[in-house]
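Counting the sequence shown from 1 gives a position; the numbering used here is that position plus 2. Virtual Cβ for every residue (Gly too), placed ideally from N, Cα, C. Working notes, beginning with the structure itself.
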Amino acid sequence: MLNTKMKQRFFGYLNTPFISSSESIYGLNPFHLQNQKSYSFYQNSFTAKRLGKLAEQFVCYQLQQDEGIQLLGSNIQINKGKQTIGEMDALLLKENQPIHLEIIYKFYLYDTLNDYSDPLAYWVGPNRKDALLYKLHKLKSKQFPLLHNKLTHRYLEKHNLNLEEIVQQICFKAQLFLPYNFSEIDIKPLNKDCIAGFYISFNKFSILKEYRFYVPNKLDWLTLPHNAVEWLSLEEVKTNIEKQINKNRSPLVWLKVNATEFKKCFITFW
3 MLNTKMKQRF
13 FGYLNTPFIS
23 SSESIYGLNP
33 FHLQNQKSYS
43 FYQNSFTAKR
53 LGKLAEQFVC
63 YQLQQDEGIQ
73 LLGSNIQINK
83 GKQTIGEMDA
93 LLLKENQPIH
103 LEIIYKFYLY
113 DTLNDYSDPL
123 AYWVGPNRKD
133 ALLYKLHKLK
143 SKQFPLLHNK
153 LTHRYLEKHN
163 LNLEEIVQQI
173 CFKAQLFLPY
183 NFSEIDIKPL
193 NKDCIAGFYI
203 SFNKFSILKE
213 YRFYVPNKLD
223 WLTLPHNAVE
233 WLSLEEVKTN
243 IEKQINKNRS
253 PLVWLKVNAT
263 EFKKCFITFW
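Structural data, given as structure tokens:
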């Protein structure tokens, strides 16, 4: 059976809302998975070592559990000779409708350092190397057009699929974080249920001294905070966090309010 940590990651993933509630975002149509009442796991179900790839495995596992869906392939590499020109996350049939599905799981922080004309441009990755608008543009301009590449046609023919009948959708889940003490930000057109916590700069970090802290590893960013970890004081955890800050990395931490109440917070280097 699956180990406890991986189950916690899976159910944390399940609990994460879709980035848009029902409408398309940036002209990209959403694909919403229905959670099952129960899941049966096997030890080797999930082997990915990177968070994004693990989320893809979780989605494909869910697709396989849905009786109305036939998963035709996942991580489909499109090659030109020995060169990989791109990859499609999943190809499936949902009630006989062929779908090219791209899978995304992201953590975004609402940027207050700059002003933007597009409300979607405010959302950046914790290390400022990623951004929501960049990801949406990449999906639209690079990942979706791959379906229409001539090299992809061989794969479609293998499954007797007509290119003109395939629809393209995104399964996009996200955890969003607002600046510390900024709770009145209107995040439309994004789903407000995606708000998972707050962020604060390392140089203001000490105002959180009343909390106990836990620094999860990257895969456990998916996990819902719980009490069964080793909680540390601010002074005990500060050195570990500072090492990451000095490398321009913004770690996610869990904050313990009491035995049953917890918060998620990014400590940023910026």
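Mind reading off the beta-carbon distance from residue i to residue j? Whole number of angstroms is fine, and I expect it under 8 Å.
{"i": "Phe-179", "j": "Leu-111", "result": "5 Å"}
{"i": "Ile-71", "j": "Leu-94", "result": "6 Å"}
{"i": "Arg-11", "j": "Leu-56", "result": "7 Å"}
{"i": "Pro-19", "j": "Gln-171", "result": "Their Cβ separation, rounded to whole angstroms, is 17 Å, which puts Pro-19 and Gln-171 out of contact at 8 Å."}
{"i": "Ile-269", "j": "Ile-243", "result": "5 Å"}
{"i": "Lys-266", "j": "Ala-176", "result": "So it is not a contact: roughly 13 Å between Cβ atoms."}
{"i": "Leu-16", "j": "Leu-138", "result": "About 24 Å separates the two Cβ atoms, so there is no contact after all."}
{"i": "Leu-158", "j": "Leu-165", "result": "6 Å"}
Measuring only the C-alpha atoms, how far is residue i from residue j?
{"i": "His-161", "j": "Lys-108", "result": "31 Å"}
{"i": "Ser-47", "j": "Tyr-63", "result": "8 Å"}
{"i": "Leu-224", "j": "Lys-96", "result": "27 Å"}
{"i": "Lys-140", "j": "Asp-120", "result": "17 Å"}
{"i": "Val-169", "j": "Gln-67", "result": "21 Å"}
{"i": "Phe-43", "j": "Leu-134", "result": "32 Å"}
{"i": "Thr-86", "j": "Ser-40", "result": "37 Å"}
{"i": "Lys-152", "j": "Lys-51", "result": "32 Å"}
{"i": "Thr-49", "j": "Asp-222", "result": "14 Å"}
{"i": "Val-231", "j": "Glu-238", "result": "15 Å"}
{"i": "Phe-184", "j": "Glu-69", "result": "43 Å"}
{"i": "Thr-6", "j": "Ser-76", "result": "26 Å"}
DSSP three-state call for residue i: helix, strand or coil?
{"i": "Glu-167", "result": "helix"}
{"i": "Pro-100", "result": "strand"}
{"i": "Trp-256", "result": "strand"}
{"i": "Gln-246", "result": "helix"}
{"i": "Ile-71", "result": "strand"}
{"i": "Phe-20", "result": "strand"}
{"i": "Phe-264", "result": "strand"}
{"i": "Gln-36", "result": "coil"}
{"i": "Ala-230", "result": "coil"}
{"i": "Asn-81", "result": "strand"}
{"i": "Gly-88", "result": "strand"}
{"i": "Ser-47", "result": "coil"}
{"i": "Val-126", "result": "strand"}
{"i": "Ser-143", "result": "helix"}
Less than 6 Å between C-beta atoms, sequence neighbours within five positions excluded: which residues of the same chain meet that for residue i?
{"i": "Ser-24", "result": "none"}
{"i": "Gln-145", "result": "Glu-104"}
{"i": "Glu-167", "result": "Pro-100"}
{"i": "Pro-227", "result": "Trp-256, Phe-264"}
{"i": "Gln-246", "result": "Pro-253"}
{"i": "Gly-88", "result": "Ile-80, Leu-148"}
Below 7 Å CB to CB, which residues in the same chain sit around residue i once its five sequence neighbours on both sides are set aside?
{"i": "Pro-181", "result": "Tyr-112, Thr-114, Phe-200, Tyr-201"}
{"i": "Leu-73", "result": "Cys-62, Leu-65, Gln-66, Ala-92, Leu-94"}
{"i": "Ser-252", "result": "Pro-128, Asn-129, Phe-268, Ile-269, Thr-270, Phe-271"}
{"i": "His-34", "result": "Phe-20"}
Measuring CB to CB, does residue i end up less than 8 Å from residue j?
{"i": "Ile-78", "j": "Met-90", "result": "yes"}
{"i": "Phe-215", "j": "Leu-234", "result": "yes"}
{"i": "Leu-192", "j": "Leu-210", "result": "no"}
{"i": "Cys-196", "j": "Leu-103", "result": "no"}
{"i": "Leu-53", "j": "Lys-220", "result": "yes"}
{"i": "Ile-80", "j": "Thr-154", "result": "yes"}
{"i": "Tyr-28", "j": "Leu-122", "result": "yes"}
{"i": "Val-126", "j": "Asp-132", "result": "yes"}
Only counting the same chain, and skipping five residues up and downstream in sequence, which positions put a Cβ closer than 8 Å to that of residue i?
{"i": "Tyr-213", "result": "Leu-236, Leu-257, Lys-258, Val-259, Lys-265"}
{"i": "Asn-229", "result": "Lys-258, Ala-261, Thr-262, Phe-264"}
Please decide whether residue i counts as near chain D, where near means a Cβ-Cβ distance under 8 Å.
{"i": "Thr-270", "result": "Structure shown: chain D not included; a single protein chain is present."}
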